[in-house]
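Engineer:
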Amino acid sequence: MTDKEEQIQRAKLSEQAERYDDMAAAMKAVTEEGSELSNEERNLLSVAYKNVVGARRSSWRVVSSMENKSDDCCKTVLAKEYKEKIEKELNDICSEVLDLLNKHLIPNANSNPDSKVFYLKMKGDYFRYLAEVANGDKKAEIICCSQKAYQEALELSECEMTPTHPIRLGLALNFSVFYYEIVNSPEKACSLAKKAFDEAIALLEKLNPDSYKDSTLILQLLRDNLTLWMSDAQGECDEQEQEQEEKEKEKERRRRRKRRRKRRRKRRRKRRRKRGQLRRTNLQKKKKHQEKHIFYLSPA
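Anchor point for the sequence shown: position 165 equals 165 in full-length UniProt numbering, and the numbering is continuous, going up by one each time.
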């Protein structure tokens with residue numbers, strides 16, 4: 001048994017034992033030998049690192065939630081410190097995978113479009129994982145790198161793969177998640193996912209039996225995401241419409257109050273005019289009475 005075969009066997013044993021850090025170490029050694037990986041080896045590498053980084057991503061979300069919810073200052077500080085420790089582990093793992101992709105996997109896959117799309121998708125994924133925990137200008141730079149890798153993979157997949165190919169569908173799934181969760185662009189996410197879903201459904205009868213299970217599973221995930229995202233978008237639209245209605249109602253209430261104030265002012269002016277006219281009339285009557293009284297009392 002060669003060293004490479006031994007490492008692959010060790011990776012398989014580690015997978016069965018669910019010791020994914022050991023599995024990743026074995027597949028890292030295989031990759032660094034420099035030869036192109038077979039489909040089986042490629043999948044072993046992907047599964048290993050996906051589980052290793054997945055455990056840290058899950059831990060980061062839990063601790064981050066605890067940090068935000070805690071009212072105790074000491075607990076918040078501890079949670080923050082622990083979160084930073086997990087972030088460092090996650091960053092180290094992602095950097096390790098990206099290093100393998102850039103130095104070995106992508107350069108060796110130039111003659112194999114399926115592998116190249118797979119590795120470019122993987123590159124986009126691991127930049128996306130980094131973006132989940134990054135901040136500020138660094139996050140913007142990471143997002144740009146992720147999008148560039150995904151876009152290159154998408155363009156190559158559209159040239160070299162059928163719409164029902166599981167790698168192409170998986171790429172569309174992850175790229176749409178990137179748009180929805182990282183870029184915060186539900187429109188682009190839905191557009192990309194819907195396009196991939198519709199194109200694959202149109203050719204479902206011609207689906208390769210070998211990849212039928214994988215393709216239909218990813219199609220189901222695409223459909224689930226579309227349903228959820230469109231429902232969220234509809235909910236946001238309903239909220240916006242409700243807010244707009246409330247604004248219109250408030251404007252109408254203000255207009256009514258303004259009209260009532262205007263009518264009250266008009267009535268007050270009218271009453272004042274009437275009182276003024278009445279006072280003038282009374283004064284005139286009083287004056288006439290006085291003049292008449294003076295006339296009668298005057299000597300002949």
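Idealized CB from N, CA, C, for every residue including glycine.
Which value, in whole angstroms, describes the spacing of the CA atoms of Phe-295 and Thr-281?
Structural biologist: Confidence in Phe-295 is poor, its pLDDT being 48 and thus under 50, which makes the residue's placement unreliable; the coordinate value appears in the next sentence. Computed Cα separation, rounded: 21 angstroms.
Engineer: Taking just the CA atoms, how far does Glu-250 sit from Ile-167?
Structural biologist: Using only the alpha carbons, I get a separation of about 53 angstroms.
Engineer: How would you write the range of the alpha helix (DSSP H) that Gly-124 sits in, first residue to last?
Structural biologist: From DSSP, the alpha helix (DSSP H) with Gly-124 extends over 113 to 133.
Engineer: Tell me which residues share the same chain as Leu-192 and place their Cβ nearer than 7 angstroms to its Cβ, disregarding the 5 neighbours each side in the sequence.
Structural biologist: If we look at Leu-192 and ignore the five residues flanking it on each side, its Cβ neighbours are Ala-172, Phe-175, Ser-176 and Tyr-179.
Engineer: State the start and end residues of the unbroken alpha helix (DSSP H) segment that holds Leu-78.
Structural biologist: Its alpha helix (DSSP H) spans residues 73 to 100.
Engineer: Tell me the residue span of the alpha helix (DSSP H) that contains Val-183.
Structural biologist: Run containing Val-183: none; DSSP gives neither H nor E here.
Engineer: Below 8 angstroms, how does it come out for the stretch 51 to 66 and the stretch 17 to 34: are there three or more Cβ pairs, yes or no?
Structural biologist: The answer is yes - the stretch 17 to 34 touches the stretch 51 to 66, with three or more Cβ pairs under 8 angstroms.
Engineer: Rounded to a whole number of angstroms, what is the C-alpha to C-alpha distance between Lys-258 and Cys-73?
Structural biologist: About 51 angstroms.
Engineer: Thinking C-beta only, is Lys-123 closer than 7 angstroms to Leu-101?
Structural biologist: Contact flag set, yes.
Engineer: Around the Cβ of Leu-203, are there at least 16 other Cβ atoms within 10 angstroms (buried) or fewer (exposed)?
Structural biologist: It is exposed - the Cβ of Leu-203 has fewer than 16 other Cβ atoms within 10 Å.
Engineer: Please name the residue, chosen from Asn-135, Asn-39 and Ser-146, that lies closest to Leu-105 on a Cα-to-Cα basis.
Structural biologist: Cα-wise, what sits closest to Leu-105 is Asn-39.
Engineer: Leaving out the 5 sequence neighbours to the left and right, which residues in its chain are closer than 6 angstroms to Tyr-126 when beta-carbon positions are compared?
Structural biologist: If we look at Tyr-126 and ignore the five residues flanking it on each side, its Cβ neighbours are Cys-94, Val-97 and Leu-98.
Engineer: Would you identify the three-state DSSP class for Leu-217, choosing helix, strand or coil?
Structural biologist: Leu-217: helix per DSSP, three-state reduction.
Engineer: Can you tell me whether Lys-262 is buried or exposed? The criterion is at least 16 other CB atoms within 10 Å of its CB, across all chains shown.
Structural biologist: Per the 10 Å Cβ criterion, exposed.
Engineer: By the DSSP assignment, the alpha helix (DSSP H) with Glu-160 in it spans what residues?
Structural biologist: Looking at the DSSP string, the run of the alpha helix (DSSP H) that includes Glu-160 is 136 to 160.
Engineer: If I measure Cβ to Cβ from Glu-152 and keep anything under 8 angstroms in the same chain, skipping five residues before and after, which residues do I get?
Structural biologist: Result list for Glu-152: Leu-120, in chain order.
Engineer: Among Ile-86, Pro-107 and Gln-9, which one has its Cα closest to the Cα of Glu-36?
Structural biologist: The shortest Cα separation from Glu-36 among Ile-86, Pro-107 and Gln-9 belongs to Pro-107.
Engineer: How long is the line joining the alpha carbons of Val-62 and Arg-255, rounded to whole angstroms?
Structural biologist: Their backbone Cα atoms lie some 51 angstroms apart in a straight line.
Engineer: Kindly give me the distance between the Cβ atoms of Ala-140 and Leu-169, rounded to whole angstroms, as I take these residues to be in contact under 8 angstroms.
Structural biologist: Contact flag wrong, Cβ pair sits at about 29 angstroms.
Engineer: Within the same chain, show all residues whose beta-carbon is closer than 6 angstroms to that of Ala-300, passing over the 5 residues directly before and after it, in chain order.
Structural biologist: Only weak support is given to the placement of Ala-300: the predicted model assigns it a pLDDT of 42, under 50, and the value that follows is read from those uncertain coordinates. Closer than 6 angstroms at the Cβ level, and outside the excluded window around Ala-300, lies no residue.
Engineer: Between Thr-2, Met-1 and Ala-25, which lies nearest to Ala-11 when the distance is taken from Cα to Cα?
Structural biologist: If we check each option's Cα against that of Ala-11, Ala-25 comes out closest.
Engineer: In whole angstroms, what is the alpha-carbon distance linking Arg-273 and Arg-260?
Structural biologist: Straight-line Cα distance between these residues: approximately 20 angstroms.
Engineer: When we look at the beta-carbon of Arg-56 and count the other beta-carbons within 10 Å, is it buried (16 or more) or exposed?
Structural biologist: Arg-56 should be labelled buried.
Engineer: Is Ser-146 near Arg-128, with beta carbons less than 7 angstroms apart?
Structural biologist: Yes.
Engineer: Would you kindly report the start and end of the unbroken alpha helix (DSSP H) that includes Tyr-49?
Structural biologist: Element bounds for Tyr-49: 39 to 69.
Engineer: So Pro-166 is in the alpha helix (DSSP H); what residue range does that whole segment cover?
Structural biologist: Taken as a continuous stretch (DSSP letters only), the alpha helix (DSSP H) holding Pro-166 covers 166 to 177.
Engineer: Alpha carbon to alpha carbon, how far is Lys-83 from Asp-92?
Structural biologist: Distance between the alpha carbons of Lys-83 and Asp-92: 14 angstroms.
Engineer: To which residues of the same chain is Leu-44 closer than 6 angstroms at the C-beta, ignoring the five residues directly before and after it?
Structural biologist: Correct list, in chain order: Ala-11 and Met-27.
Engineer: Please name the residue, chosen from Gln-277, Asp-114, Leu-228 and Trp-229, that lies closest to Cys-159 on a Cα-to-Cα basis.
Structural biologist: Taking only the C-alpha atoms, the option nearest Cys-159 is Asp-114.
Engineer: Helix, strand or coil: how does DSSP classify Asn-110 here?
Structural biologist: If DSSP states are grouped into helix, strand and coil, Asn-110 belongs with coil.
Engineer: Does the beta-carbon of Cys-144 have 16 or more other beta-carbons within 10 angstroms, so that it is buried, or is it exposed?
Structural biologist: When all chains shown are included, Cys-144 counts as exposed.
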